[in-house]
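*Asks:* With the working numbering, letter number 89 in the sequence shown gets 303, and the count goes up by one each step, no holes.
Backbone N, C-alpha and C fix where the C-beta goes; we use that ideal spot for every residue, glycine too.
Predicted, not measured: the structure shown is a model, and the values here were computed from it.
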Amino acid sequence: MNNSYEIMDIEAGLDILNRDEKMRVLISKFGRPNFNLRQDYFQSLLRSIVFQQLSGKSAKAIYERFVNLIPETSNLSPKEVLKLDKDEMRNTGLSFQKIDYIRNLANYFEDNSFQKKDVERMTDEEISNELTQIKGIGQWTVDMFLMFTLNRADILPYTDLGIQKGFKIILNMKNLPSKKKMETCSKKWRPYRTIACWYLWRTVDDAFAW
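#1: If you run the structure through DSSP and keep just helix, strand and coil, what is R252?
#2: Answer with buried or exposed for P285, where buried requires no fewer than 16 other C-beta atoms within 10 angstroms of its C-beta.
#3: Mapping DSSP to helix, strand and coil, what is R279?
#4: Does the distance from the C-beta atom of M237 to that of A410 stay below 8 Å?
#5: Alpha carbon to alpha carbon, how far is S218 from N305?
#6: Within a Cβ cutoff of 7 Å, which residues of the same chain sit near R252, ignoring the five residues on either side of it in sequence?
#7: Assuming A273 and F265 make a contact with CB atoms under 8 Å, what is their CB distance in whole Å?
#8: Write down the C-beta distance between K393 and Y372 rounded to the nearest angstrom, noting that I regard them as a contact closer than 8 Å.
#9: How would you call S327, buried or exposed, if buried means at least 16 neighbouring beta carbons within 10 angstroms?
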């Protein structure tokens, strides 16, 4: 993970990626990438926890049921989440482990100041070190936060199965690639690997429903 960071410039990224033949084919097929950025840090991280190790469609359905537990007159805030009963959270399809993770996250945001003005000045590594102190937040969740909430340009979530499958497809491999293989093959996409990931996800059915 880089100690510095670059905010994403879609046009500059496409210029870099189009120099790679394999990526150029994907850009032609799927068009310009679309990033629906999420400004609420708590909601973004909560959503990522729900999506951990699930298919996109399944996770999206569970997340929508979870959001519906919050009264329409209230926001999806740490305070409101901590009011929820574990059994009603379980009825949305969440595992008990993820329920604990979500409550850990809510308690963290209730007790700590994780403000936009401060976070935007932090490096990717500093953000990772801060957030992974929360039980239930691993590197994959941090990567999703960096990509889709902070708009960091050069993130490659090596542990994401959809990304691994995307590499396997474009490289015509029999097995999923190693981290080293992905690192080597993605060097030509720097510093816009976040955009490259958007295309890798789209080569795989139901890889990502963000």
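*Replies:* Result, derived from the coordinates:
#1: One-based indexing of the sequence shown puts residue 252 at position 38. R252: coil per DSSP, three-state reduction.
#2: What you label residue 285 is simply residue 71 of the sequence shown in a count that begins at 1. The residue in question, P285, is exposed, as its Cβ has fewer than 16 Cβ neighbours within 10 Å.
#3: Position 65 of the sequence shown, counted from the start, is the residue given in the question as residue 279. R279 falls in the helix class under three-state DSSP.
#4: Against the sequence shown, residue 237 aligns to sequence position 23. Against the sequence shown, residue 410 aligns to sequence position 196. Yes. Within cutoff.
#5: Reading the sequence shown from its first residue, position 4 is the one you call residue 218. Reading the sequence shown from its first residue, position 91 is the one you call residue 305. Low per-residue confidence applies at S218: pLDDT is 49, beneath 50, and the placement is therefore not dependable, though the value from the model is reported in the following sentence. So the alpha carbons of these two residues sit roughly 42 Å apart.
#6: By one-based count along the sequence shown, residue 252 stands at place 38. Closer than 7 Å at the Cβ level, and outside the excluded window around R252, lie S258, F362 and T363.
#7: Counted from its first residue, the sequence shown places residue 273 at position 59. Counted from its first residue, the sequence shown places residue 265 at position 51. With 8 Å as the limit, A273 and F265 qualify as a contact, their Cβ atoms being about 4 Å apart.
#8: In the sequence shown, counting from the first residue as 1, residue 393 sits at position 179. In the sequence shown, counting from the first residue as 1, residue 372 sits at position 158. The pair is a contact, with the Cβ atoms about 5 Å apart (cut-off 8 Å).
#9: Numbered from its first residue, the sequence shown carries residue 327 at position 113. S327 comes out exposed.
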